[in-house]
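Q: Those letters in the sequence shown? Residues -5 to 191, per the working numbering, in order. Note that CB positions come from ideal geometry on N, CA and C, so glycine has one too. Here it is: the structure, laid out below.
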Amino acid sequence: MSPSVLARWILGVGIATLLTVVPFVYYRSNYTHSKRLREVVPGLVYRSGQLTAEGFADAVARYHFRTIINLQDEYPDPEIRRNYFRAAPTPESVLCAQLGVRYIFLAPDLISHHQLANHHHPEAIDAFLEILANKDNYPVLLHCHAGLHRTGLMTAVYRMAYQGWSPHEAIRELKANGFGEFACTAANEYVAQYVLG
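Right, here's the structure in full:
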């Protein structure tokens, strides 16, 4: 291979790498910063996935959250990365304290079919509604890891309890926000107990 052909080949690979890697890294850094942060009710309730520490700080400054509710049952107090490039993890409860925000861990639970048949519902629903009954907790940010399933379920609970939505309307919003067409059915225990129960 001649030097000019080799140089063009190296230049081509370099340009192709820049055209794929740079946009990917840019996208991932922005995505993890404010992972699916959305308004549910402006000024009151918001939802997201797991943000970075800088993402939480920006969101708190922008929306003035008083309460952040973590719905990640597998991570009661997750270690939050500073940003996409720097780990420097901080426990979410510590980060919230630094930001002057109340931190609440709330694990969505399931109950037995017998309890469900007797018109009981998961304890997390009562705990969640109790948090929302206190006006001092607003604005509230709900989040889980991805901001889709657990966050979607609790958003559905909020919509039905506070805005009078039907289960059908709540399920439509779950699907529209990424819960998944096949996962969002009565066969899913969480959907059955939190939305249809």
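Write down every uninterrupted run of the beta strand (DSSP E) in the stretch 22 to 75 whose length is 3 residues or greater and which is fully enclosed by it, in chain order.
A: 32 to 35, 39 to 42 and 61 to 64, all fully within the stretch 22 to 75.
Q: Write down the C-beta distance between Pro102 and Pro83 rounded to the nearest angstrom, noting that I regard them as a contact closer than 8 Å.
A: Taking the sequence shown and counting its residues from 1, one reaches residue 102 at position 108. Taking the sequence shown and counting its residues from 1, one reaches residue 83 at position 89. About 24 Å; that fails the 8 Å criterion.
Q: Is there contact here, the stretch 139 to 147 with the stretch 64 to 74, by at least three beta-carbon pairs under 8 Å?
A: These segments touch.
Q: Distance check for Gly6 and Leu0, CA to CA, integer angstroms please.
A: For this step, residue 0 is matched to residue 6 along the sequence shown. For this step, residue 6 is matched to residue 12 along the sequence shown. In a straight line, the C-alpha of Leu0 is about 10 Å away from that of Gly6.
Q: In three-state DSSP terms, what is Leu136?
A: Numbered from its first residue, the sequence shown carries residue 136 at position 142. Residue state, collapsed to three classes: strand.
Q: Start and end of the alpha helix (DSSP H) containing Ile105?
A: For the purposes of this step, residue 105 is identified with residue 111 of the sequence shown, where counting begins at 1. No alpha helix (DSSP H) contains Ile105, which DSSP labels as neither H nor E.
Q: Spatial neighbours of Ala121 within its chain, please: CB distance less than 7 Å, with the 5 preceding and 5 following residues excluded, ordered by chain position.
A: Start at 1 with the first residue of the sequence shown, and residue 121 comes out as number 127. Cβ neighbours of Ala121 beyond the five flanking positions: Leu100.
Q: If I follow the unbroken beta strand (DSSP E) through Arg80, where does it start and stop?
A: To locate residue 80, count along the sequence shown from 1; it is residue 86. Per DSSP, Arg80 belongs to no beta strand (DSSP E) and is neither H nor E.
Q: For the beta strand (DSSP E) containing Phe99, name the first residue and the last one.
A: Start at 1 with the first residue of the sequence shown, and residue 99 comes out as number 105. Counting along the chain, the beta strand (DSSP E) containing Phe99 begins and ends at Arg96 to Phe99.
Q: Is the stretch 43 to 51 touching the stretch 124 to 144, taking contact as three or more C-beta pairs under 8 Å?
A: Verdict: yes, contact present.
Q: To which residues of the same chain is Asn77 closer than 6 Å at the C-beta, ignoring the five residues directly before and after it?
A: Residue numbering aside, residue 77 sits at position 83 when the sequence shown is read from its first letter. Counting only Cβ-Cβ distances below 6 Å, and skipping sequence neighbours, we find Thr46 and Glu48.
Q: Please report how far the alpha carbon of Arg166 lies from the alpha carbon of Tyr184, in whole angstroms.
A: Along the sequence shown, read from residue 1 onward, the residue named residue 166 stands at position 172. Along the sequence shown, read from residue 1 onward, the residue named residue 184 stands at position 190. Looking at the two C-alpha atoms, the distance is approximately 15 Å.
Q: Once you ignore the five residues that flank Gln187 on each side, which residues in its own chain have a CB closer than 7 Å to its CB?
A: Reading the sequence shown from its first residue, position 193 is the one you call residue 187. Around Gln187: Leu104, Ile105, Leu110, His115 and Pro116.
Q: Using beta-carbon positions only, say whether Ile74 and Phe59 come within less than 8 Å of one another.
A: Your numbering for residue 74 matches position 80 in the sequence shown. Your numbering for residue 59 matches position 65 in the sequence shown. Going by C-beta atoms, Ile74 is not nearer than 8 Å to Phe59.
Q: When we look at the beta-carbon of Ile9 and count the other beta-carbons within 10 Å, is it buried (16 or more) or exposed?
A: The residue you call residue 9 lines up with position 15 of the sequence shown. Exposed is the call here.
Q: Taking the alpha-carbon of Leu89 as reference, which of His113, Ala118, Glu124 and Ala53 has the nearest alpha-carbon?
A: Numbered from 1 along the sequence shown, position 95 holds the residue referred to as residue 89. Among His113, Ala118, Glu124 and Ala53, the Cα nearest to that of Leu89 is on Ala53.
Q: By the 10 Å Cβ neighbour count, where 16 or more other Cβ atoms means buried, how is Ile4 classified, buried or exposed?
A: Against the sequence shown, residue 4 aligns to sequence position 10. By the 10 Å Cβ count, Ile4 comes out exposed.
Q: Under 8 Å Cβ to Cβ from His189, same chain only, skipping five residues before and after it: list those, please.
A: As a working mapping, residue 189 is identified with position 195 in the sequence shown. Reading the sequence as shown, one finds Val at residue 189 and not His. Here the set comprises Leu147, Ala150, Val151, Met154, Pro161, Ala164, Ile165 and Leu168.
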